[in-house]
Structures are given as structure tokens and as C-alpha cells.
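Just below is one structure, and these are the notes that go with it.
In C-alpha cells form, the structure reads like this:
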């Protein structure tokens, strides 16, 4: 069979065997229809004039032989065998009166059509693969001239986007997500800077609260932050030996003064 | 003609370059590209008022019988070496990927029956189509997804690509070998098994493709 | 000539193909090769008895004045598109891109507050304005320099252009809606927080905030 040969030419034997092993289990047939097609060729007639009855018998004989050889047949083959056995009985027996469904002749004709169509597709595939092919028989341009892609980027925006952008800026404070607001935070670093500049003049005990920066003494939130920072800074300065701290009793005002004596004479 | 070079900077805005110049332009564009170029793209790159299709017709005639031919691939055009000179090109030959028998048959069924569903391919081959077969053909860009079939389940369909046409030197799927005979013999029809429910609805097959254009 | 295809299998061993055929061969070889091909190499690939150099001379003449030329590159030959058609080798694609958030905010501030200095823009946005953002807007010709502000340092101011008004379909920058209008038009879904209402009072825009141009 010429078209079969050319079909096979395009595959190496090992690949073909591997592919077939995956699909079928008997003699390299690709399913029952493929097996039927092969069997039909033994009748040596045009597929249109094939005896479906004879073909059914051939197929059933094949399946019997496979069973005798204890070849495990895929379900597909067995389904087809059952269907062909049914078809065979229908072809042989006269139709029962009042029987529903398609006639045996119609079923047989359809099977013949399927075989003819598969055969035609095989032939078409072979013809297709035998055509002159790009990269084998004819060739494209080998050298690729660089087609410069001039990418022009044009930026655009709509009026709505413009307006919304502006609105976003102007109303940012209303709906921005939580962010730590540093405006009301007086840091220890700030306090240290401030106190270092002032401490030299503090020869006498001075209340710590008088070191609070201007504008931080009134609003409670700011006052708390500034007080905490200033107290922490005073501890740091005391530790470094620049100042002394005293508090007469619990919760009494804290006072500080600059140290005049070296740290070594710590009392 | 060779002196009347076209200078794009001197063109008056609405005057198309002479046809001979347009022919040169189409020639240059196609020579520069290894892939087929659509008429549309040529037109876009050519000066205003050009008629790429007309220039192509002239160019095609000019290359008749030459060592390279102008061929049509779908809606695009490309220069390809004359097939009879393939023997000179061992150097350029790329190792063609080996396709399994199942892949070749599946490809042919898609080409001849497109748009076609997987169920229809299986019906024709009488065996399940492995996922790998379809994947391989998709990966080679020889097939792609077509429109979904308007039947229950809305199955996807497969059709062949321009790359497929280019590879097999076909202008369109209509030029597939023997397709006319197959159609007139009714072998491209979908004929459901008598008595079986026609769950694919009207499987129009290639006829759909032909009506479309 | 087109019918006298050369079949390598039929050649008598020592008879060279006709020159016209040799020309076709050279044409195909040069076309398909990714690199320039030397005469020597062509000769090696062509049937025995061929004269690549002579065929090449004919081929070169044939391509004179065409859209592609046969050019010599070192010791080798190649097809190249005609230099005067270089402009066809450009494919212009216009890509529309959205302005960045920084750019559109800056633009909005300029539109609402013009003439406005960079320092003022930064104050309103609350973040520094990069040089690139201003440059981009200048380049798009949506903003331009206004008069210098008569304050220390005499900073430049920015104003929007006719092109800007044109693009956004505005007759003047004064037509831009205020925050109140935006809110009543439902363009702002957030409700003002208590006490933040005076934000709008702030937004005096062009004339009040800064001196008129």
C-alpha cells in the first residue's frame, strides 16, 4: 500500500513502535476502525462495495484468535466486536415486525462510510506530507533585515483622571490610610538636641517641664510626647554625667541642674 | 526606472508613488522578512496612496520562473526559493520534526475538516486522540483553536494556521490536495451513526470555512 | 526559461546547466543564506561545471534598480534592500500609555493653580516633584513656562497650554470643576471628615492664591 508506506516513512521505526505501544495492544493497530480498515483490504474490493457482513465475520474471528492467544484486548476492540456481532445478527435475520431504530443496512452503510472516510484521510495525510515543504524543499529568506520598530509612546490622560488626581491631593487628609503622624511627636533626639543647648545655663535646679519646647505645652497629645521625650533625654544626659536629677517624692515635679563636679565624684 | 528613485521626503502628501516604485517597495519589504507579510502591513508601511495588492501582482509576474518565487500564504505574501532548487540548500535544511502517525492523521483531519472538535477527530480515526498529539501540533503552531461549536458543552474546535499553510506551500486550506474530490464524494460530511443522537448538532465542517470568506 | 527547470538527477555528469539555470541557483542560494556567500562556496554547492561568478554577474545586472540589490560584503555576496528604501524598514507603532500618577497629579496642580512654582507644587502634593515629571509634561506640550514669580530667587512658574485645553476639551483652565462640584457629581465617594470642610475654602485656585499672570 503505497500511501501507507509514505506515511510510515516520516517516522522512525522506534518512535512508531513506541507511539503505537501506548495506544494499542494488538499488532500495532490504532483502534478497531484501523483494524477493520486493514481487514477490509483483504477483500480486495472498493470500500464502497465491501461486504460488511464478511468484514464483521473477519473481525470477530480476529478477536476470537486474539482471545485464544490470551492477548488482552482493549475495551474499544471488545465494544466494536459486540456491535459487529449485533450487526451481523441483524443482517442475517429478517427484521422483527415493529422494530424500532435504524435498519441493519443503514448501520452497515455507515460503517462502510467510516472506513472509506478514514482511508481517504490517510491518503490525504500522505499527500500532504509528500508536498514540498518549507525548510526541506523550499526556503524562506535566510537573512532577516532588521525592521526597526519605532515605538512611539504617546501619553494620555482623561479629564476625569485629571480631576480625580486633583481631588485626591486636596482631600488626602480625609481618607488616607493610617500613617504614623509625626507632626505631634517630639522625639528623644529632638529633646536631646534642645537640652544640650540649654543645659549649660541651668546652674540651679529647674523643673523639667520648663524644658518643653515652645508650643508643645498646651495640647495634651503634644505635651505628653514632649514630656516623655524630654524626660528620656534628661536620663540620658544624667547617665552621660552632664546633669543631675532630683524628685522630692513620688509624683512630685522632677527638677534637673547641670553638673559642676566631675562624674567620678558621684555621690 | 532605476533613476526615478522614490524619495519619501519629497512626496506631495496625497500623491502615491509610481507603481514601479511601489513594486520596488513591496519587493524590499518582502525580501527583508523571513515571515509572510500581510498586504495590510505592507500598505501601512508604504507611503500614503500606495496599492500594495496591485504592486504585488506585478512583482509576482516578475519573479515567475526565477530562483525565488513570490507566494501567497493565507492573507500574506512571502518570497520562497523555487522547490526544484531544494537540492542546493542542504546547508539551510532544518531537521524537520518527526511526527507520529497519529499526529499526521490528526493534522490532516483538522486541515480537511476544520473547524473540527476533538470528538469529531476521534470519530473519524475511531480512536482516542491523546492530549500530547494535539499539544504537539499546537506547539508547532500548525493548528490553533477556532470558534467554539454552538452545541451543548460548547466544545472548542481546531483549525490550521498560516504557519501550516506556509510550511506546506498552500495558499489557503482550499488548496489542500484532493479536497474538492473528497468533498464531492461526501467524505468531508459529518454523517452521524444512524440512530445515534446527533449531539454535535450540525457539524458543518469545511463548508463553514468556505462560506466564511 | 521558466520551463527549463534544472533537474540534478538528469544531468549528464560533465555538462553544466544552462547559464539561466545557474543564475536561478545563485539567486536561490543567496536568498536563503543567512550570511553572505562567497563565490567559492556557491560554486561548491552548484552542479559540476557551473560558473558561479558569471551567473552572479548576470544576476547582479538583473537586480539593478530593483527593491533589493546584490551587494558584495568582503569576499562574499548577499541581497540587501535598496538603501533608498530604508524608510520602509521602520514599523511605527504608537503605544498609548497612561500618564503616571505623579505626572497627572502635577499636571492637575498646575491646571488648578497656575501660574505655580515647583516649590508650590511640592507643597500641595506633599512630595518632591522629579525633574523628569516636569520635563515630560513640557515635552508633551501640555505645560509651559509662565512668568517668573517676583519673589526672592525669582522662581519660574508653570502654566498649562492650548494643547492641554484642547486635549481635555476645556475652553479655559477655569472650567475645571472644584472639589464641591466633584463631590456632588459623585466623583468623590469619600465624605469629608468633620472639620475638614474648610479644605474647599483653601482651594481658591488660580487667581486668589497667586497673582494673575
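Chains as they are written, first to last, in this note's numbering: chain Z, 1 to 267; chain P, 1 to 213; chain B, 1 to 213. Every residue gets a Cβ at the ideal spot worked out from N, C-alpha and C, and that includes glycine. Please read these numbers as outputs of a predicted model, since none were measured by experiment.
| Query | Result |
| --- | --- |
| On a Cα-Cα basis, can you pick out the residue from P:123, P:190, P:77, P:110 that is closest to residue 171 (chain P)? | P:77 |
| Any beta-carbon of chain P closer than 8 angstroms to the one on residue 67 (chain B)? | yes |
| Suppose contacts are defined by Cβ-Cβ distances below 8 angstroms. Is residue 64 (chain P) in contact with residue 66 (chain B) by that definition? | no |
| Can the beta-carbon of residue 144 (chain B) be found less than 8 angstroms from the beta-carbon of residue 159 (chain B)? | yes |
| So the candidates are Z:95, Z:157, Z:107, Z:238; which of them puts its Cα closest to the Cα of residue 195 (chain Z)? | Z:238 |
| What are the start and end residues of each continuous alpha helix (DSSP H) run of 4 or more residues lying completely inside the stretch 97 to 139 of chain P, in chain order? | 101 to 113, 118 to 125, 131 to 139 |
| Do residue 32 (chain B) and residue 162 (chain Z) have their CB atoms nearer than 8 angstroms? | no |
| Between residue 166 (chain Z) and chain B, is there a C-beta pair that is closer than 8 angstroms? | yes |
| Please classify residue 81 (chain B) as buried or exposed, where buried requires at least 16 other C-beta atoms within 10 Å of its C-beta. | buried |
| How big is the Cα-Cα spacing for residue 98 (chain P) and residue 42 (chain P)? | 35 angstroms |
| Are there three or more Cβ pairs, one per stretch, closer than 8 angstroms when the stretch 124 to 136 of chain Z is compared with the stretch 66 to 84 of chain Z? | no |
| Of the choices B:106, B:154, B:164, whose alpha-carbon is the least far from that of residue 131 (chain B)? | B:106 |
| Taking 8 angstroms as the threshold (beta carbon to beta carbon), is residue 47 (chain P) in contact with chain Z? | no |
| Suppose contacts are defined by Cβ-Cβ distances below 8 angstroms. Is residue 249 (chain Z) in contact with residue 257 (chain Z) by that definition? | no |
| Taking only beta-carbon positions, decide if residue 22 (chain Z) is within less than 8 angstroms of chain B. | Its pLDDT being 34, under 50, residue 22 (chain Z) is placed unreliably by the model, and the measurement read from it follows with that caveat. For residue 22 (chain Z), the answer is no, since every Cβ of chain B falls outside 8 angstroms of its Cβ. |
| Residue 62 (chain B) to residue 95 (chain B), Cα distance in whole Å? | 41 angstroms |
| On the criterion of 16 or more Cβ atoms from any shown chain inside 10 Å, does residue 91 (chain P) qualify as buried, or is it exposed? | exposed |
| Are there 16 or more other CB atoms within 10 angstroms of the CB of residue 221 (chain Z), so buried, or fewer, so exposed? | exposed |
| Across which residues does DSSP place residue 77 (chain P) in a beta bridge pair? | P:37, P:72 |
| Hey, would you say the C-beta of residue 107 (chain B) is under 7 angstroms away from at least one heavy atom of the ligand ADP? | Within the structure as shown, the ligand ADP is missing, as the structure has no ligands at all. |
| Starting from residue 169 (chain Z), follow the alpha helix (DSSP H) in both directions and report where the run begins and ends. | 159 to 170 |
| Where residue 137 (chain B) and residue 45 (chain P) are concerned, what is the direct C-alpha to C-alpha distance, given to the nearest angstrom? | 30 angstroms |
| Quick one: using the 10 Å Cβ neighbour count with 16 as the cut-off for buried, is residue 153 (chain P) buried or exposed? | exposed |
| How close, in whole Å, do the beta carbons of residue 116 (chain Z) and residue 55 (chain Z) come, if the pair is a contact with beta carbons under 8 angstroms? | Not really, about 12 angstroms apart at Cβ, beyond 8 angstroms. |
| To which residues of the same chain is residue 29 (chain Z) closer than 6 angstroms at the C-beta, ignoring the five residues directly before and after it? | 35 |
| Report all residues from its chain with a CB closer than 8 angstroms to the CB of residue 89 (chain P); omit the five preceding and five following residues, and keep chain order. | 81 |
| Note down, in chain order, every chain Z residue with its Cβ under 7 angstroms from the Cβ of residue 94 (chain P). | 135 |
| Out of B:51, B:29, B:157, B:79, point me to the one whose CA is closest to residue 19 (chain B)'s CA. | B:51 |
| Using a Cβ cut-off of 8 angstroms, pull out every chain Z residue sitting near residue 112 (chain P), in sequence order please. | 121, 124 |
| By a C-beta neighbour count over all protein chains shown, 10 Å radius and 16 as the cutoff for buried, is residue 52 (chain Z) buried or exposed? | buried |
| Which residues mark the beginning and the end of the alpha helix (DSSP H) in which residue 145 (chain P) is found? | Here residue 145 (chain P) belongs to no alpha helix (DSSP H); instead the beta strand (DSSP E) covers 143 to 145. |
| Identify which residue in P:74, P:164, P:129 has its Cα closest to the Cα of residue 142 (chain P). | P:164 |
| Anyone know if the C-beta pair for residue 126 (chain P) and residue 33 (chain Z) falls short of 8 angstroms? | yes |
| Taking Cβ to Cβ, would you say residue 39 (chain Z) is nearer than 8 angstroms to residue 58 (chain Z)? | yes |
| When you compare each of P:176, P:35, P:168 to residue 79 (chain P) by their alpha carbons, which one comes out closest? | P:35 |
| Nearest chain B C-beta to residue 103 (chain P) closer than 8 angstroms, yes or no? | no |
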